[in-house]
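Chemist: The following block contains the structure, expressed as structure tokens.
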Amino acid sequence: MEQFSSARHHLGFYNSVGLSAAYVCHRPADPKAAIFSALAIVIDRHPALSSIVMGKDSNEPYFARLSEINLENAVTFVTRQIPVTGSGRDVELDNILATQHAISFKENHGIVPYWRLIIITPAKIENEFVASFIFHHSLGDGASGMAFHRGFLAALSSNPPRLTSNTIYPINTPLLPNLETLVPLAAPLHSASPGSINLWSGSKIIPPTQSNVHSLNFTAETTKHLLQVCRLHGTTLTSTLPVLIASALFSSIPDTFQSLECTIPVSLRRFLPEPVDESVIGVYLDAFSVYYDRLSASQFPWSEAKRSRGLINDYLNSNGGNINVAKFKQIKDMRGFFSGRMGKERGTSFDVSNPGAMKVGHEENQGWKMGKMLFSRSAFVSGSAIAAGVVTGADGCLSIGFCWQEGVVEMIFVGMVVEKVRIGVENIANEMRG
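Its first residue numbered 1156, the sequence shown is counted upward by one per residue in our numbering.
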């Protein structure tokens, strides 16, 4: 997986993953000093955060350690120009994230880390901010972003002493073992697609990687009711949202398209031995596909959500016995593999990645609190036409970050799909409101 991520980043096919979280401090604090001190603690606890990829223009890249990190080069402070409203979208945050996801980690290679932290503060308010953790996918996955923010909150809450220097010298702790050293990655069993008819997947594969982001935020009440209705129908959030998005897409694309393919990433951490668990930063994920056909149902097709849940459960019940990413081991020239995809049809319509709900408890003390979150990613040139990042913040509010590549689908089209998803979620939640 690390070679996969390194090759596509080097070619400009995929830049970064992002997880943003809102923080507030209810006691007097110097935010910059607190952020830098907390970061120093998190970096020491996670060796991946001081690692970069070397030999990235070869077929055998490897990790090396930065001897020092100047936090001034890794952290950027931005002041909001637009007050946050209670609407379903944070336009300013979306624009900031789109800009960040367009920036690779190629510049100042060997000097700056493979991550950066964007601190977004309201004008004239010092005790609250949004921290956007932007990182190279070879360092971590969506669960890693959750681990970073849990550790960051705990470090802030520990009231760490002010740093004497903003240049830190990471502890030379060994990197965690990668996936293929923990489990045997045999070539996965071939599973052919179910003969999809007229699959929609946006435009053909084109450069460059210019990402767009459109956030969709729901209240804690709507989130709670959505989860309750899913349980009443014998489904889960992870199995219901792909069906909602598929329904929104089908009602927005021409009738000539009859099928959609959804890629669902899955964390493998539950199958792996120690020291890998939900608290570590690393790449421990797989993915599989679910196919949807156009239906004529006027109401939400719960049968499709149940079918999706069954497919997800089938994968989980395999206990990691058939890992699909093992097929990447058979690719000898990863850069050639990606370059050879240019101009071809993309193989998947959309993907839905859900690292889950942020659970915090003992991490919250000393006046620090975490709230709303947003999961975003850069566009993947040869990946899905639309990527949906799902996360539930520590405040209980669900958010969906829709990301897509400029030119693959139009902004007005995505806006229409997002609005239909919003209406679909609200309609389902309303079943509990009577």
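We treat Cβ as the ideally placed atom computed from N, Cα and C, and that holds for glycine. Note that this is a predicted model, so its numbers are computed, not measured.
1. Tell me whether the segment 1363–1372 and the segment 1417–1427 touch, counting them as touching only if at least three CB pairs, one residue from each stretch, are closer than 8 Å.
2. Name the residue from ALA1219, LEU1204 and ILE1436 whose alpha carbon lies nearest to the alpha carbon of LEU1226.
3. Reducing DSSP to helix, strand and coil, say where VAL1435 ends up.
4. Could you check whether THR1377 and ALA1584 sit closer than 8 Å to each other, using their CB atoms as the reference points?
5. In whole angstroms, what separates the C-alpha of LEU1331 from that of VAL1431?
6. Between ILE1419 and ASP1506, how many whole angstroms is the CB-CB distance? I'm expecting something under 8 Å.
7. Which residues in the same chain have their Cβ closer than 7 Å to the Cβ of SER1161, if we skip the five residues on either side of it in sequence?
8. If distances are taken between C-alpha atoms only, which option among VAL1576, ILE1352 and SER1313 comes closest to GLY1522?
9. So, with DSSP's three-state summary, where would you put LEU1450?
10. Mind the definition here: the segment 1527–1535 touches the segment 1314–1324 only if three or more C-beta pairs lie below 8 Å; say whether that holds.
11. Roughly how many whole angstroms lie between the Cα atoms of MET1571 and PRO1409?
12. Ends of the beta strand (DSSP E) at ASN1372?
13. When we look at the beta-carbon of PHE1232 and count the other beta-carbons within 10 Å, is it buried (16 or more) or exposed?
14. For GLU1416, report the span of its beta strand (DSSP E) as first-last.
15. Report the residue from LEU1387, TRP1559 and SER1407 whose alpha carbon sits nearest the alpha carbon of MET1587.
16. Give me the DSSP bridge partner(s) of VAL1338.
17. Count the other CB atoms within 10 Å of the CB of ILE1266; is the residue buried (16 or more) or exposed (fewer)?
18. May I have the straight-line CA-CA distance separating GLY1297 from ILE1352, to the nearest angstrom?
19. Would you call LEU1471 buried or exposed, if buried means 16 or more other Cβ atoms sit within 10 Å of its Cβ?
20. Helix, strand or coil: how does DSSP classify GLY1570 here?
21. Does DSSP put CYS1385 in a helix, a strand or coil?
22. I'd like the span of the alpha helix (DSSP H) that includes THR1254, first residue to last.
23. Figure out for me which residue from ALA1401, LYS1359, VAL1179 and ARG1496 has the closest Cα to the Cα of GLY1579.
24. Would you kindly work out how many angstroms separate the C-alpha atoms of ILE1289 and ILE1323, rounded to a whole number?
25. Exposed or buried, MET1528, counting other C-beta atoms within 10 Å across all chains shown (16 or more means buried)?
26. Tell me whether ARG1271 is buried or exposed, calling it buried when 16 or more other Cβ atoms sit within 10 Å of its Cβ.
27. Take HIS1304 and list the residues in its own chain whose beta-carbon comes closer than 6 Å to its own, dropping the five residues that flank it on each side.
28. If I'm right that ASN1372 touches ARG1244 with Cβ under 8 Å, what's the distance once you round it to whole angstroms?
29. Sort out for me which residues DSSP pairs LYS1524 with in a bridge.
30. In chain order, what residues of the same chain lie with their CB nearer than 6 Å to the CB of LEU1337, ignoring the 5 residues before and after it?
31. Looking at the structure shown, is LEU1318 part of a helix, part of a strand, or coil, going by DSSP?
32. Opposite GLU1283 in the DSSP bridges: which residues?
33. Rounding to the nearest angstrom, what Cα-Cα distance links SER1473 and GLU1433 in this structure?
34. Based on DSSP bridge pairs, tell me the residues matched to PHE1535.
35. Is there contact here, the segment 1485–1505 with the segment 1535–1548, by at least three beta-carbon pairs under 8 Å?
36. If you run the structure through DSSP and keep just helix, strand and coil, what is PHE1168?
Modeler: Based on what the coordinates show:
1. Too few Cβ pairs lie closer than 8 Å, so no.
2. Here the closest residue by C-alpha is LEU1204.
3. When DSSP states are grouped into helix, strand and coil, VAL1435 belongs to the coil group.
4. Contact flag set, yes.
5. When rounded, the distance between both Cα atoms is 8 Å.
6. Between ASP1506 and ILE1419 the Cβ distance is about 7 Å, and since that is below 8 Å, they are a contact.
7. So the list reads VAL1208, LYS1211, PRO1216 and SER1293, once near-sequence residues are dropped.
8. Measuring from the Cα of GLY1522, the nearest candidate turns out to be SER1313.
9. If DSSP states are grouped into helix, strand and coil, LEU1450 belongs with coil.
10. Short answer: they don't touch.
11. Each residue's alpha carbon lies about 14 Å from the other.
12. Boundaries of the beta strand (DSSP E) harbouring ASN1372: 1366–1372, taken from the DSSP string.
13. Exposed is the call here.
14. Per DSSP, GLU1416 belongs to the beta strand (DSSP E) from 1414–1422.
15. Closest by alpha carbon: LEU1387.
16. Residue pairing by DSSP places VAL1338 opposite no residue, since no beta bridge is assigned to it.
17. It counts as exposed.
18. Going by the C-alpha atoms only, they are around 32 Å apart.
19. Exposed, since its Cβ has fewer than 16 Cβ neighbours within 10 Å.
20. Reduced to three states, the DSSP call for GLY1570 is helix.
21. The DSSP-derived three-state label of CYS1385 is helix.
22. Its alpha helix (DSSP H) spans residues 1246–1256.
23. If you compare the alpha carbons of ALA1401, LYS1359, VAL1179 and ARG1496 with that of GLY1579, the shortest gap goes to ALA1401.
24. The C-alpha of ILE1289 lies about 19 Å from the C-alpha of ILE1323.
25. Counting C-beta atoms within 10 angstroms of its own C-beta, MET1528 has 16 or more neighbours from the protein chains shown and is therefore classed as buried.
26. Of the residues assessed, ARG1271 falls on the buried side of the cut-off, its CB having 16 or more other CB atoms within 10 angstroms.
27. Here the set comprises ALA1176.
28. Between ARG1244 and ASN1372 the Cβ distance is about 7 Å, and since that is below 8 Å, they are a contact.
29. BP columns for LYS1524 point to VAL1179.
30. Result list for LEU1337: LEU1427, in chain order.
31. It is coil, neither helix nor strand.
32. Under the DSSP definition of a beta bridge, GLU1283 partners with VAL1179.
33. Distance between the alpha carbons of SER1473 and GLU1433: 20 Å.
34. PHE1535 is not bridged to any residue.
35. In short, these stretches touch, since the Cβ pair count reaches three.
36. Coil.
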